[in-house]
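Each residue of the sequence shown is one higher than the last, beginning at 1 in the UniProt record's numbering. The beta carbon of each residue, even a glycine, is placed where N, CA and C say it ideally should be. Bear in mind the structure is a predicted one, so any value in this text is a computation, not a measurement. All remarks here apply to the structure that follows.
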Amino acid sequence: MAFYRRVGDVPPKRHTQHRTADGGLHHEELVGEEGFSSDSSLLYHTGVPSAIVDATPWELPDQTLTENRPLVPRHLELHRLTSQDWKAVDPVTGRRLVLGNADVRISYVVAGETSSLYRNAVGDECVYVESGTATVETVFGVLEAGQGDYVLIPRATTHRWIPTGSDPLRLYAIEANSHIAPPKRYLSRYGQLLEHAPYCERDLHGPTEPYVVEGSESGGDVEVLVKHRGARGITGTRYVVPTHPFDVVGWDGCLYPYTFNIADFEPITGRVHQPPPVHQVFEGQNFVICNFVPRKVDYHPLAVPVPYYHANVDSDEIMFYCGGNYEARKGSGIAQGSISLHPGGHSHGPQPGAVERSIGAEYFDEMAVMVDTFRPMELGEGGIAAEDDRYAWTWAGRGPAS
Numbered sequence: 001m002a003f004y005r006r007v008g009d010v011p012p013k014r015h016t017q018h019r020t021a022d023g024g025l026h027h028e029e030l031v032g033e034e035g036f037s038s039d040s041s042l043l044y045h046t047g048v049p050s051a052i053v054d055a056t057p058w059e060l061p062d063q064t065l066t067e068n069r070p071l072v073p074r075h076l077e078l079h080r081l082t083s084q085d086w087k088a089v090d091p092v093t094g095r096r097l098v099l100g101n102a103d104v105r106i107s108y109v110v111a112g113e114t115s116s117l118y119r120n121a122v123g124d125e126c127v128y129v130e131s132g133t134a135t136v137e138t139v140f141g142v143l144e145a146g147q148g149d150y151v152l153i154p155r156a157t158t159h160r161w162i163p164t165g166s167d168p169l170r171l172y173a174i175e176a177n178s179h180i181a182p183p184k185r186y187l188s189r190y191g192q193l194l195e196h197a198p199y200c201e202r203d204l205h206g207p208t209e210p211y212v213v214e215g216s217e218s219g220g221d222v223e224v225l226v227k228h229r230g231a232r233g234i235t236g237t238r239y240v241v242p243t244h245p246f247d248v249v250g251w252d253g254c255l256y257p258y259t260f261n262i263a264d265f266e267p268i269t270g271r272v273h274q275p276p277p278v279h280q281v282f283e284g285q286n287f288v289i290c291n292f293v294p295r296k297v298d299y300h301p302l303a304v305p306v307p308y309y310h311a312n313v314d315s316d317e318i319m320f321y322c323g324g325n326y327e328a329r330k331g332s333g334i335a336q337g338s339i340s341l342h343p344g345g346h347s348h349g350p351q352p353g354a355v356e357r358s359i360g361a362e363y364f365d366e367m368a369v370m371v372d373t374f375r376p377m378e379l380g381e382g383g384i385a386a387e388d389d390r391y392a393w394t395w396a397g398r399g400p401a402s
């Protein structure tokens, strides 16, 4: 987003000589979106950012997608994907694909091991920290992340995750095939977050100082895993580079990783039930990301606080339940760590009894991250492994086996 930052040592004029202490030149790198036509940053490296000494295929975790057919709503219990040896699981290579389409993929991982150096060259990543804490090292500097943080990582940013503390790190990874940014309606024509936006620049936390690694931890070449586009979809390459990628002494610009905590989102409420766009926090190409946070609810004397039944004509709705008690889904089996998938073409809404129970409520204590997509979502292997196959029949109280 167009929010300028300057970190570390940069020259007074761009594209001019920036010398090291011994008289050599730093290597200037432009990292930019949409060619040279959108947000960018200039990074100053001690090594050559293009240098590689080896490249071999990297086999990604299973990326197979299965059509949602027959077309039914689905309940996925992501905590079932926790491995018994989670302490040895990598937050990047341990991700299991839950749902995906050509625009966005959603993965989940419970991890305790430091990840490899990693670069997603397909699109931006928006990673929600369900629980645990981590240090995220990047070429731009270091971010600290904890429960409730979104970690926004621009496309092709080399980084790694380091879980901290004794609790498992639970990550809900939203990986785009595009860029992820605040909704355009929140921004001025110059990129400032406007007064009606539910958060502002003070809530976005980027790196504050450079992070320079001299040489490598092993003393030799450094390995970087790169996820990128291939002729038949998404694939991977394992680079070996002669100098550590974390060699940036300074940078400035409007493109960089940052964190945003869901608790800093100020909910928009009204006298009657507000539609999902009031909960929006980010958007990508053909999808949006929304927050449902603890909030006062509708205050018209005849208000019905839970959602009305609605048919997703143009989109699939994916709700990740990550805190509190989600009123509309009581009685469905959904709990902390669940996903509900309500596909386009299926009318959905509150579980039986939820409407009556909600009348007179003044406050909802619920936390959820919603992704709405404008192309159908398909099931990844993680989603299939985590499915509760009773959910589709909970509105009727019986299913085909009854």
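Taking 8 Å as the cut-off, the beta carbon of L169 is found closer than this to the beta carbon of A111. CA-CA distance, Q192 to E283, rounds to 16 Å. In terms of Cα proximity to V92, the closest of A21, D389, W58 is W58. Looking from the CA of D298, the closest CA among R6, L60, Y308, V313 belongs to Y308. Counting C-beta atoms within 10 angstroms of its own C-beta, N325 has fewer than 16 neighbours from the protein chains shown and is therefore classed as exposed. By the Cβ neighbour-count rule, L71 is exposed, with fewer than 16 other Cβ atoms within 10 Å of its own. Contact between L117 and E223 holds, with the beta-carbon distance rounding to 7 Å and staying under 8 Å. When C-beta atoms of the stretch 357 to 366 are compared with those of the stretch 287 to 298, three or more pairs fall below 8 Å, so the two segments count as touching.
Exposure of K13 is indicated by the presence of fewer than 16 other C-beta atoms within 10 angstroms of its C-beta.
Per DSSP, A134 is not a residue of any alpha helix (DSSP H); the beta strand (DSSP E) it occupies stretches across 133 to 138. In this structure, the straight-line span from the alpha carbon of D9 to that of G250 is close to 4 Å. Excluding residues up to 5 positions away in sequence, V7, G8, G141 lie with their Cβ nearer than 7 Å to the Cβ of E209 in the same chain. In the assembly as shown, R160 is a buried residue. Its beta-carbon has 16 or more other beta-carbons within 10 Å.
Using a 10 angstroms sphere on the CB of Y258, the tally of other CB atoms reaches 16 or more, which defines it as buried. No residue range can be given for S315, since it is assigned to no alpha helix (DSSP H) and is classified by DSSP as neither H nor E. Membership of I384 in the alpha helix (DSSP H) is indicated by the continuous run 381 to 385. When DSSP assignments are scanned along the stretch 18 to 74, no uninterrupted stretch of alpha helix (DSSP H) that is 4 or more residues long falls wholly within it. Cα atoms of A386 and R202: separation of roughly 38 Å, rounded to the nearest angstrom. For A55 and H228, the gap between their C-alpha atoms comes out near 13 Å. Scanning its chain for C-beta atoms nearer than 8 Å, with the 5 sequence neighbours on each side dropped, one finds around D103 the residues A176, N177, S178, G284, Q285, N286, F287, T373, F374, R375, in chain order. About 15 Å separates the beta carbons of D247 and S41, which is beyond the 8 Å limit, so they are not a contact pair. The Cβ atoms of Y186 and F260 do not sit closer than 8 Å to each other. Bounds of the beta strand (DSSP E) holding R5 are 5 to 8. CA-to-CA, the gap between T235 and H18 works out to about 37 Å. One Cα belongs to V241, the other to G32, and the distance between them is close to 22 Å.
Cβ-Cβ distances below 8 Å link G233 to Q63 in the same chain, with the five nearest sequence neighbours on each side left out; the list follows chain order.
According to DSSP, residue pairing for W161 in a beta bridge involves V136.
In terms of Cα proximity to G165, the closest of A134, L255, W395, L379 is A134.
Within the same chain, F265, I289, C290, N291 come within 7 Å of V281 by CB-CB distance, once the 5 residues on both sides are set aside.
Taking 8 Å as the cut-off, the beta carbon of S338 is found closer than this to the beta carbon of L78.
Rounded to whole angstroms, the Cβ separation of S107 and R119 is 16 Å, and the two are not in contact under 8 Å. Listed as beta-bridge partners of N291 by DSSP are V369.
For V151, the enclosing beta strand (DSSP E) covers residues 149 to 153.
Taken through DSSP and simplified to helix, strand or coil, R229 comes out as strand. Counting along the chain, no alpha helix (DSSP H) covers E214, and no H or E run does either. When the beta-carbon positions are compared, T114 and T138 stay at least 8 Å from each other.
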